[in-house]
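First the structure, in the form of structure tokens, and then the observations on it.
This is the structure:
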């Protein structure tokens, strides 16, 4: 992970409004995780990423009983390079895009994202969240 990470401040969604999350989304029918990451990067932050410029960081099997779908597989990628300047390309879903320092994050980070960033820092490539997993928000990433 680089020194700062692009976060979007969620608003007008059905999940964790008022919290910072990573640019992300669901894969579509007949779409791979890599294809979905490329598409979501363009849709959410307006950048063009080549599949070869994505570095897979971690896969998280997540249980989340706050939505209608309880069982998720989250695949986290880091874009090592891209074309374009990142911006909030979905202002109807996010109130802003902000580059945040992972060692000094605000309190309002989506808990599963905070947990996953901690797991990445520990060098993990696979983790599970929601079956009793938690992170102390005061823990430094």
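Residue numbers (this note's numbering): 70 to 210. For each residue, glycine too, the CB sits at the ideal point set by N, CA and C.
Tell me which residues share the same chain as residue i and place their Cβ nearer than 6 Å to its Cβ, disregarding the 5 neighbours each side in the sequence.
{"i": "residue 194", "result": "127"}
{"i": "residue 82", "result": "162"}
{"i": "residue 165", "result": "78 and 157"}
{"i": "residue 94", "result": "109"}
{"i": "residue 213", "result": "Because residue 213 is not part of the residues shown, which for the chain are 70 to 210, the question remains open."}
{"i": "residue 189", "result": "126 and 127"}
Could you tell me whether the Cβ atoms of residue i and residue j are closer together than 8 Å?
{"i": "residue 129", "j": "residue 140", "result": "no"}
{"i": "residue 106", "j": "residue 132", "result": "no"}
{"i": "residue 179", "j": "residue 88", "result": "yes"}
{"i": "residue 159", "j": "residue 76", "result": "no"}
Excluding sequence positions up to five away, which residues of its chain have a Cβ less than 7 Å from the Cβ of residue i?
{"i": "residue 120", "result": "103 and 107"}
{"i": "residue 117", "result": "111, 151, 152 and 153"}
{"i": "residue 177", "result": "87, 88 and 89"}
Give me whichever residues DSSP pairs with residue i in a beta bridge.
{"i": "residue 128", "result": "144 and 195"}
{"i": "residue 76", "result": "167"}
{"i": "residue 117", "result": "152"}
{"i": "residue 105", "result": "Paired residues: none, contrary to the question."}
Around the Cβ of residue i, are there at least 16 other Cβ atoms within 10 angstroms (buried) or fewer (exposed)?
{"i": "residue 112", "result": "exposed"}
{"i": "residue 153", "result": "exposed"}
{"i": "residue 199", "result": "buried"}
Quick one: does residue i have its CB under 8 Å from some CB of chain D?
{"i": "residue 125", "result": "Protein chain content of the structure displayed is limited to a single chain, and chain D is not contained in it."}
Tell me which same chain residues have a C-beta within less than 8 Å of the C-beta of residue i, skipping the five on either side of it?
{"i": "residue 122", "result": "148, 149, 150 and 151"}
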